[in-house]
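J.:
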Amino acid sequence: MTEKQSLWNPVILRQAVIGSFTKLDPRLMVKNPVMLVVEAGSLLTTALLVVDALHHRPGFRFDLQITLWLWFTVLFANFAEAIAEGRGKAQADTLRKAKGETMAYRYRPDGSFEAVSSAALRTGDVIKVEAGQFIAGDGEVVEGVASVDESAITGESAPVIREAGGDRSAVTGGTRVLSDWIKIRITSNPGETFLDRMIALVEGASRQKTPNEIALSILLSGLTIIFLLAVATLQPFAIYSHAPQTMFVLVSLLVCLIPTTIGGLLSAIGIAGMDRLVQYNVLAMSGRAVEAAGDVNTLLLDKTGTITLGNRQATEFFAAPGISTERLADAAQLASLSDETPEGRSIVVLAKEKYNLRGRDLTHMRAEFVAFTAQTRMSGVDLPGTSIRKGSADAIARYLEQQGSSMPRKVTDKVEEIARLGGTPLVVAENETALGVVYLKDIVKGGLSERLARLRAMGIRTIMITGDNPLTAAVIAREAGVDDFLAEAKPKDKMDLIKLEQSKGKLVAMTGDGTNDAPALAQADVGVAMNSGTQAAKEAGNMVDLDSNPTKLIEIVEIGKQLLMTRGALTTFSIANDVAKYFAIIPAMFAGVFPVLNALNVMHLATPHSAILSAVIFNALIIIALVPLALRGVRYEPKSAQALLRRNLLVYGVGGIIVPFLGIKLIDVVINSLHLV
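So this is what it looks like as structure tokens:
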């Protein structure tokens, strides 16, 4: 987290303090019914306090303190929301620096250029961007290839390649071309760009309450109404028992019993959940998507680039009969020295690591490299008196036939065995002799099996999607630790699988970057599109990963879970801490008339006035004390729903009972030692 996003950043704190007062506007407070009731109670006690002052009535000092702490309760709740919004606004300011007016070179119908402002660009316009120039708007590359600096958006300093065709064609306005040139078709109008939407999101301007949040707000409003009716009936009973209470005491009781803690923090929790996603460089199109991520049951993961590294790597040398493994490794490395593909480089590295075969003087050896072609399906190197070739088994078999030789049976068997395991066999030959086989395989990303195990512990089923044959898919699935796989998958197969899972009442998440992924992304409950992908994929999904990291889906699910856990934990705490306030205020209200109620004064609070004031002060301070937890979120642990419920009840339920008892008692001691009542 950067300094601007820090909770205690002075600028954010200053803005939050100001926001605490501006949010007192009843038109804004009405969105939070619980705190609206507290504000109404504060206004009532303020009016009564003025009347007391004018008539010099006794008890003014106590009434003043009650009134002040009621206002503090409202202000602290507003502060929690304002500081959450402030962090978003700080992020928006950073993003605005990446935005701004830039010049674009737009194509005219006759093929010439005209220089226009980025504000003049419209959907469908085609522009040319060269090295050193900023991309003026969101679009898709329709011609050319270039490296692009996206650090202003993603924070990553490494440039990325953007090219026409395929699934790496989307570009974002505000990024800069570093090399070459590209022709871009604009896909958004001014004010509707990806950056504009992100700024609106992090500022909270476009944030709507999620269904879960709305349901909780209704529950809290219901509890508030119940306690309001309960407190209202106390005064007739008090009059009947000759123990009438002042309005200050009744309002104090109401404010302490309604769920003010979660009511004051609910909005901040929701904003912070969205904020955490933005910190992971993920843009959610709606709060509903964030919440859905927390309830996901099934996770679809593409194999290439998500489960595996995306490029097959050399893992083993298998020598032919009568040939040493060192000789095979030496020949394979020589044939790969000019091969710049990831597979070729991995052969060089494997030979170096296993057999300490390092650089050699190729000029002295008079080596002539033979490049790979689609026709020969081989590459290699020619040395004086020696020709080395590596390639597919059938290509090397034809090469050996031309040399008047053939492939040994054991080499053929090893090729078939590697293919059955889902690997790629490369055969190496020297002149007319087959030296052996290099085993290339998909490498599962390090630590992925542990991460998938964490998801399994949460009750989430993982399914790998791949275009590979079932045998290859089964090998990778077993090594990665996914629960199931879909092999030879076509776009329709992905969507059918999502529909099947949803028909069982499950929420499904998936990730994708291509146009062929768009239908499935639209069908999924949580569809995460890669920012580097096509415009169709980005429009179909309800989240966009700015880093274009397919495994980010796992973090998104965890953030969604953390949001729901935080909301549940603080709701549990809020309801539980009413118990202590009940034991503090009720004895203070009626013990004078019903001495038996002194048995409920388990905290041995000094006086009725100090008991009531202590409860009100604690009720206000606990909100501000829980602000960091609401913004940071409850620590996430991959556990089942039952285990999480048990932990919630133990930590935040029992803790919500114990902490107020200790807090109210401590405040009571301080109040009496300072003679505040």
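Per this note's numbering, the very first residue in the sequence shown carries number 250; after that it's consecutive.
Quick reminder that beta carbons are idealized off the backbone N, C-alpha and C, glycines included.
What does DSSP give as the partner residues of K639 in its beta bridges?
T.: Translated into positions along the sequence shown, residue 639 becomes position 390. Answer is S628 and V677.
J.: Give the list of continuous alpha helix (DSSP H) stretches no shorter than 4 residues that lie fully inside the stretch 541-588.
T.: 574-585
J.: Going by other Cβ atoms of all chains shown within 10 Å of its Cβ, with 16 needed for buried, is R276 buried or exposed?
T.: To locate residue 276, count along the sequence shown from 1; it is residue 27. Burial call: exposed.
J.: Exposed or buried, L684, counting other C-beta atoms within 10 Å across all chains shown (16 or more means buried)?
T.: Your numbering for residue 684 matches position 435 in the sequence shown. With a threshold of 16 other beta carbon atoms within 10 Å, L684 meets it and is buried.
J.: Where do the ends of the beta strand (DSSP E) carrying S428 lie?
T.: Position 179 of the sequence shown, counted from the start, is the residue given in the question as residue 428. Where S428 is concerned, the enclosing beta strand (DSSP E) stretches over R425 to I435.
J.: Report all residues from its chain with a CB closer than 8 Å to the CB of L704; omit the five preceding and five following residues, and keep chain order.
T.: Residue mapping note: residue 704 aligns to position 455 of the sequence shown, counting from 1. Excluding positions up to five away in sequence, the list reads L548, T711, I803, V806 and P887.
J.: Roughly how many angstroms separate the alpha carbons of I920 and F867, rounded to a whole number?
T.: Locating residue 920 in the sequence shown gives position 671, where the first residue counts as 1. Locating residue 867 in the sequence shown gives position 618, where the first residue counts as 1. One alpha carbon belongs to I920, the other to F867, and they sit about 12 Å apart.
J.: What is the rounded straight-line gap between the Cα of M278 and the Cα of K272?
T.: The residue given as residue 278 occupies position 29 in the sequence shown. The residue given as residue 272 occupies position 23 in the sequence shown. Taking the straight line joining both Cα atoms gives about 7 Å.
J.: Of all the alpha helix (DSSP H) runs that stay within the bounds of the stretch 455-538, which reach a length of 4 or more residues?
T.: 460-489, 496-506 and 509-528
J.: DSSP on F839, reduced to helix/strand/coil?
T.: Translated into positions along the sequence shown, residue 839 becomes position 590. In this structure, F839 counts as helix in the three-state DSSP scheme.
J.: For I463, count neighbouring C-beta atoms within 10 Å of its own C-beta (all shown protein chains included) and say buried if the count is 16 or more, exposed if not.
T.: As a first step, residue 463 must be located in the sequence shown, where it is residue number 214. When all chains shown are included, I463 counts as exposed.
J.: Could you tell me whether the Cβ atoms of A885 and K810 are closer together than 8 Å?
T.: Here residue 885 refers to the residue found at position 636 when the sequence shown is read from its first residue. Here residue 810 refers to the residue found at position 561 when the sequence shown is read from its first residue. It is worth fixing the name first, because residue 885 is Tyr in this sequence and not Ala. In this structure, K810 lies closer than 8 Å to Y885 by Cβ.
J.: CA-CA distance, T482 and D827?
T.: Counting from 1 along the sequence shown, the entry for residue 482 is found at position 233. Counting from 1 along the sequence shown, the entry for residue 827 is found at position 578. Their backbone Cα atoms lie some 19 Å apart in a straight line.
J.: Can you tell me which of the three DSSP states D733 falls into?
T.: Indexing the sequence shown from 1 puts residue 733 at position 484. Residue state, collapsed to three classes: strand.
J.: Bridge partners for S367 per DSSP, in chain order?
T.: What you label residue 367 is simply residue 118 of the sequence shown in a count that begins at 1. S367 pairs with nothing; no bridge assigned.
J.: Is there a C-beta anywhere in chain B that falls below 8 Å from the one on A265?
T.: You won't find chain B in this structure, because it holds only one protein chain.
J.: Is it buried or exposed for V391, if we count other Cβ within 10 angstroms and need 16 for buried?
T.: For the purposes of this step, residue 391 is identified with residue 142 of the sequence shown, where counting begins at 1. Per the 10 Å Cβ criterion, exposed.
J.: Go ahead and pull the three-state DSSP assignment for V793.
T.: As a working note, residue 793 is residue 544 in the sequence shown. Note: V793 maps to strand in three-state DSSP.
J.: The beta strand (DSSP E) with D662 in it runs from where to where?
T.: Translated into positions along the sequence shown, residue 662 becomes position 413. The continuous stretches of beta strand (DSSP E) do not include D662, which lies in the alpha helix (DSSP H) extending over residues R658 to R669.
J.: Using DSSP with H/G/I as helix, E/B as strand and the rest coil, what is R417?
T.: Taking the first residue of the sequence shown as position 1, residue 417 is located at position 168. Looking at R417 - three-state DSSP - the assignment turns out to be coil, as it is neither helix nor strand.
J.: Put I824 into one of helix, strand or coil per three-state DSSP.
T.: Residue 824 sits at position 575 when you count from the first residue of the sequence shown. I824: helix per DSSP, three-state reduction.
J.: Looking at the structure shown, is T442 part of a helix, part of a strand, or coil, going by DSSP?
T.: For this step, residue 442 is matched to residue 193 along the sequence shown. It is coil, neither helix nor strand.
J.: Please name the residue in P633, L649, L632 and S628 whose C-alpha comes closest to that of G640.
T.: The sequence position of residue 640 within the sequence shown is 391, counting from 1. Selected option, being the one with the closest Cα: S628.
J.: What do you reckon, are the CB atoms on V472 and I507 nearer than 8 Å?
T.: Translated into the one-based positions of the sequence shown, residue 472 becomes position 223. Translated into the one-based positions of the sequence shown, residue 507 becomes position 258. It is Leu, not Val, that sits at residue 472 in the sequence shown. It is a contact, given that the beta carbons lie within the stated cut-off.
J.: At what residues does the alpha helix (DSSP H) containing R355 begin and finish?
T.: As a position in the sequence shown, residue 355 is number 106, starting the count at 1. It is not in any alpha helix (DSSP H) - R355 instead sits in the beta strand (DSSP E) that spans M352 to Y356.
J.: Cβ of A578 within 8 Å of Cβ of A600?
T.: In the sequence shown, the residue the question calls residue 578 occupies position 329. In the sequence shown, the residue the question calls residue 600 occupies position 351. Closer than 8 Å, so yes.
J.: Spatial neighbours of L465 within its chain, please: C-beta separation below 6 Å, excluding the five flanking residues on both sides.
T.: Stepping through the sequence shown from its first residue, residue 465 is reached at position 216. Non-local beta-carbon contacts of L465 in its own chain, meaning distances under 6 Å to residues more than five positions away in sequence, are absent.
J.: If you run the structure through DSSP and keep just helix, strand and coil, what is K253?
T.: Within the sequence shown, the letter at position 4 stands for residue 253. Low confidence applies here, because K253 scores a pLDDT of 39, under 50, leaving its location unreliable and the question unanswered by this model.
J.: What residue from R638, A369, T661 and T682 has the CA that sits closest to G571's CA?
T.: On the sequence shown, position 322 is the one that residue 571 refers to. Answer by Cα proximity: T682.
J.: Looking at T821: is its Cβ nearer than 8 Å to the Cβ of L898?
T.: As a first step, residue 821 must be located in the sequence shown, where it is residue number 572. As a first step, residue 898 must be located in the sequence shown, where it is residue number 649. Cβ atoms of T821 and L898: closer than 8 Å.
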